[in-house]
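Numbering (the working numbering), first residue to last: 87 to 271. Don't be surprised by glycine CBs; every beta carbon is placed ideally from N, CA and C. Report on the following structure.
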C-alpha cells in the first residue's frame, strides 16, 4: 500500500480525479482476505511440501532406473532433512536436491561428480571422518554429525542419515542431511 500512497501523493489533482473511481475496492468479493500473512504462510508450507514430494518422487525415479530394492516410503517416513545427496558406490555425487543448494550455497551442478568431502574444512573432526568412512564400509544405515562448510566458508553442523541403496548389492548411498544448531563452549 505504501507504493500506492507515494504514487497518489505525486499526482496532480486533475490526474487523481481521473483515476479515483478505479481505486474503490471491489466489495463483491464474498470472503475477503483478512491477512495476506495467513495466506503467505499457507502458501509457503504448501510449496515446501510440494518440493519435498517432488524430491521424493525424483529419488523414486532414480530407484527405478537403478533397480534399487529399498522401501523409499519407509525410508522417508518421519524424516526431517534439509538436503538430499545421492552418491555412487565410490562416493561421487550423482544427484542433490535444491535443499542442498540452499543449505550449502553450492549450485547443484557444481556438486555433481564430486565427493561430499569438498564440504569439509579445518574444523571438520578427523574422528568424525574416520567414523563415517567406517560406517559406510559396514554397508548399513547410520546417523552421524559432522562440521561442514558452506560455499562462503561458514561452518555449520550437519546431521547425516546415510542409507545404502541396493539392487543385488549396494550401488549407491543416499544421505538425508539437516543443518543442526550446536551449542559449543
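Review point. Can you round the beta-carbon distance between residue 252 and residue 181 to whole angstroms, since I take them to be within the 8 angstroms contact cut?
Key: Not a contact, Cβ separation roughly 17 angstroms.
**Study point:** Pair within 7 angstroms by beta-carbon distance, residue 142 and residue 167
**Key:** no
Exercise for review: Taking 7 angstroms as the cut-off, decide whether the C-beta atoms of residue 197 and residue 172 are in contact.
Suggested key: no
Check your understanding: What is the rounded straight-line gap between the Cα of residue 105 and the Cα of residue 99?
Key -> 10 angstroms
**Study point:** Inter-stretch contact (C-beta, 8 angstroms, three-pair minimum) for the stretch 132-148 and the stretch 224-238
**Key:** no
Point to revise | Distance, residue 200 Cα to residue 133 Cα | key: 29 angstroms
**Study point:** Reduced DSSP secondary structure (H/G/I, E/B, other) of residue 175
**Key:** coil
Check your understanding: Based on Cα-Cα distance, which residue from 169, 242 and 159 lies nearest to residue 207?
Key -> 242
Exercise for review: Within 10 angstroms of the Cβ of residue 260, are there 16 or more other Cβ atoms? Answer buried if so, exposed if not.
Suggested key: buried
Practice item. Buried or exposed for residue 271, please, with buried defined as at least 16 other CB atoms from any protein chain shown within 10 angstroms of its CB. Key: Annotation note: pLDDT 40 at residue 271 (below 50); position unreliable, coordinate value reported separately. With fewer than 16 other Cβ atoms within 10 Å, it is exposed.
Review point. So which of 214, 174 and 223 has the shortest CA-CA distance to residue 233?
Key: 214
Exercise for review: Could you tell me the distance, in whole angstroms, from the CA atom of residue 250 to the CA atom of residue 194?
Suggested key: 21 angstroms
Practice item. Just tell me which of 236, 103 and 254 has its CA closest to the CA of residue 192. Key: 236
Exercise for review: May I have the straight-line CA-CA distance separating residue 82 from residue 263, to the nearest angstrom?
Suggested key: Since the first and last residues shown for the chain are 87 and 271, residue 82 lies out of range.
Exercise for review: Return yes when the Cβ of residue 158 is within less than 7 angstroms of the Cβ of residue 169, no when it is not.
Suggested key: no
Review point. Straight-line CA distance for residue 174 to residue 130?
Key: 33 angstroms
Exercise for review: Quick one: grab the DSSP three-state call for residue 271.
Suggested key: Its pLDDT being 40, under 50, residue 271 is placed unreliably in this model, and the coordinates cannot settle the point.
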